[in-house]
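What follows is a short report on a single structure.
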Amino acid sequence: MADKVVPVVTRSTELDDSTLQSGECVRKSGVSPQHTPATKIWFGRVSNEPGHRSPPHHHEECETGGYVLKGHGRIYFGEDYKEYLDMYEGDFVFVPPYMPHVEVNMSTTEELVWLTCRTPDNLVTNLPDVPDEALEGYRRA
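So this is what it looks like as structure tokens:
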């Protein structure tokens with residue numbers, strides 16, 4: 001008989017940071033294959049300090065959903081990262097598989113915090129970086 005799988009609670013002080021990362025975009029797992037019985041989902045907290053951003057990256061075959069808890073985020077995508085979407089507290093976002101993108105905190109004074117869920121895991125492929133100046137409207141703190 002297989003081991004019985006039961007609910008697991010990850011306390012806010014026990015988030016796992018051994019998941020894949022992208023530069024200054026910090027991901028911490030709440031539910032993931034790394035530290036729960038989950039096998040087909042990654043759900044965690046993502047944060048960017050004021051004025052910080054990720055390098056270009058994609059999440060391989062993962063479908064990604066996000067929910068902004070606080071702050072003003074922007075996702076750059078498309079050819080030379082010329083397209084972008086802004087996100088604010090209470091907004092949801094979907095990023096398709098294999099879509100190269102850059103996640104930024106547009107505020108130079110407030111932290112950006114969001115919850116992210118992807119299937120089947122937090123897969124990350126980091127890509128060559130682009131200069132800050134290539135990202136319209138972005139500035140560091």
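Counting from 1, one number per residue, gives the positions in the sequence shown under full-length UniProt numbering. For glycine and all other residues, C-beta sits at the position ideal for the given N, C-alpha and C.
Burial of residue 56 is indicated by the presence of at least 16 other C-beta atoms within 10 angstroms of its C-beta. Contact between residue 105 and residue 73 holds: CB atoms are separated by about 6 Å, below the 8 Å threshold. Between residue 97 and residue 127, the C-beta spacing is not below 8 Å. Using a Cβ distance threshold of 8 Å, residue 27 and residue 8 do not count as a contacting pair. Collapsing the DSSP output to three states places residue 13 in a helix. Rounded to the nearest whole angstrom, the CA to CA distance from residue 81 to residue 4 is 46 Å. Here residue 63 is not near residue 140, since their CB atoms are 8 Å or more apart. The C-beta of residue 29 has 16 or more other C-beta atoms within 10 Å across all chains shown, which makes the residue buried. Taking a contact to require three or more Cβ pairs closer than 8 Å, the segment 35-54 and the segment 82-95 do not qualify as touching. For residue 28, the enclosing beta strand (DSSP E) has its first and last residue at 26-31. It is roughly 8 Å from the alpha-carbon of residue 16 to the alpha-carbon of residue 34.
Remark: C-beta atoms of residue 24 and residue 123 do not approach each other more closely than 8 Å. In the DSSP annotation of this structure, residue 106 is not part of any beta strand (DSSP E), being labelled neither H nor E. Listed as beta-bridge partners of residue 84 by DSSP are 76. For residue 6, the number of other beta carbons within 10 angstroms of its own is below 16, and it is reported as exposed.
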